[in-house]
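S.K.:
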Amino acid sequence: MLFLYRIYQIFVAIPLLLLITILAALATIIGSMLGFSRTMGYWPGRIWAKLFCMLTLVRVKVKGRDNIDRNTSYVFVANHQGAYDIFAIYGYLGHNFRWMMKKGLESIPLVGYSCRVSGHIYVDNSSPSAVRRTMETAEKQLADGMSVVVFPEGARTPDGRMHAFRRGAYQLAMEFNLPVVPVTIDGAYRVMPRTAWLPRYGTITLTIHAPIHAPEGGRHELATLMETSYSAIASSLS
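Numbered per this note's numbering, the sequence shown finishes at 291, counting up by one with no gaps.
(1) Who are V111's beta bridge partners in DSSP?
(2) Is it buried or exposed for G240, if we count other Cβ within 10 angstroms and need 16 for buried?
(3) Given 8 Å as the limit, is there contact between the stretch 99–117 and the stretch 136–156, that is, 3 or more CB pairs closer than that?
(4) Expressed to the nearest angstrom, what Euclidean distance is found between the alpha-carbon atoms of Q62 and T109?
(5) When burial is assigned at 16 or more other CB atoms within 10 Å of the CB, is A211 buried or exposed?
(6) Determine whether the Cβ of T125 lies closer than 7 Å to any Cβ atom of chain D.
(7) Is the beta carbon of I261 sitting closer than 7 Å to the one on V233?
(8) Would you mind working out which of T237, H133, I75 and V201 sits nearest Y166, comparing C-alpha positions?
(9) Quickly, what does DSSP pair A154 with across the bridge? List them, please.
(10) Going by C-alpha distance, which of V130, Y223, Y175 and P268 is nearest I161?
(11) Give every residue of the same chain whose Cβ lies closer than 7 Å to the Cβ of Q194, excluding the five residues on either side of it in the sequence, and list them in chain order.
(12) Evaluate the contact criterion for the stretch 123–136 versus the stretch 220–234: three or more CB pairs, one atom per stretch, below 8 Å.
(13) From the DSSP secondary-structure annotation, give me the bridge partner or partners of P235.
(14) Roughly how many whole angstroms lie between the Cα atoms of V184 and G221?
(15) Should F64 go down as buried or exposed, given a rule of 16 or more other Cβ atoms within 10 Å for buried?
(16) Report yes if the CB atom of G135 is closer than 7 Å to the CB atom of P205, and no otherwise.
(17) Determine the closest residue to N120 out of G147, H216 and M227, with distance taken between C-alpha atoms.
(18) N178: buried (16+ other C-beta within 10 angstroms of its C-beta) or exposed?
(19) Given that a residue counts as buried once 16 or more other Cβ atoms are within 10 Å of its Cβ, and exposed if not, what is L278?
(20) When the Cα of I257 is compared with those of L290, M86 and P97, which residue comes out closest?
So this is what it looks like as structure tokens:
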């Protein structure tokens, strides 16, 4: 069965996904340049991500979508199991957002430029001034009412376990006093771990937890915010 799946991937899925990726990137670039970046920075990517899962026979189940309001800005924080985390969130979260992503992804032909022109945020840790520019870009998006999605582990897990979180996303939430929404991704490591070149068919479960709001009349406390979100995400891992 796996052999037939690999044949299907190589001769059917990969050529189709390459074409779909190019079309989605072009649609994003053209739409953003015409002044529709708020819409075109999300919808082509969402359709692309869903088709990516469908064509590679990866099912995504979503729990807790009623915990979020599509008209509210959030800082979403998720664990990072593998490459399919991107497709699961982009395709199935059901909320317009911008990614905070590694600057290295900007070098991907066409896709990297489409992400930049549509307002996604490249994280540059090369110097203190670069970090400051990254935060300023993220702050601009949040101030404009957009949500952001961050993998606070910083990189895909090498062993399937969840690792320590970094504080950058939480500092943004504190600065704007925005709710933090923990999101658990479960099953993406089995579908395509960091060391794999091709995915396996399977099921990914996306659990959207209740937003963590600042205390009434007060502000978030960093350590509590990080600990609470980490525990929420861990609670839905199998």
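A virtual CB, placed ideally from N, CA and C, is assigned to each residue, including glycine.
Only a predicted model underlies this, so the values are computations on that prediction, with no experimental measurement involved.
M.R.: In terms of the structure at hand:
(1) G255
(2) buried
(3) yes
(4) 7 Å
(5) The sequence given here places Pro at residue 211; Ala does not occur at that position. The residue in question, P211, is exposed, as its Cβ has fewer than 16 Cβ neighbours within 10 Å.
(6) In the structure shown, chain D cannot be found, because there is only a single protein chain.
(7) I261 is not a Cβ neighbour of V233, given a cutoff of 7 Å.
(8) Nearest C-alpha to Y166 among T237, H133, I75 and V201: I75.
(9) Going by the sequence as given, residue 154 is Met instead of Ala. In the DSSP output, where bridge partners are listed per residue, M154 has Y175.
(10) Y175
(11) Cβ within range, chain order: R151, G172, I174 and V201.
(12) The stretch 123–136, when compared against the stretch 220–234, does touch it at the 8 Å Cβ threshold.
(13) For P235, which the question treats as bridged, DSSP gives the partners V130.
(14) 10 Å
(15) exposed
(16) no
(17) G147
(18) exposed
(19) buried
(20) For the residues L290, M86 and P97, the minimum Cα distance to I257 belongs to L290.
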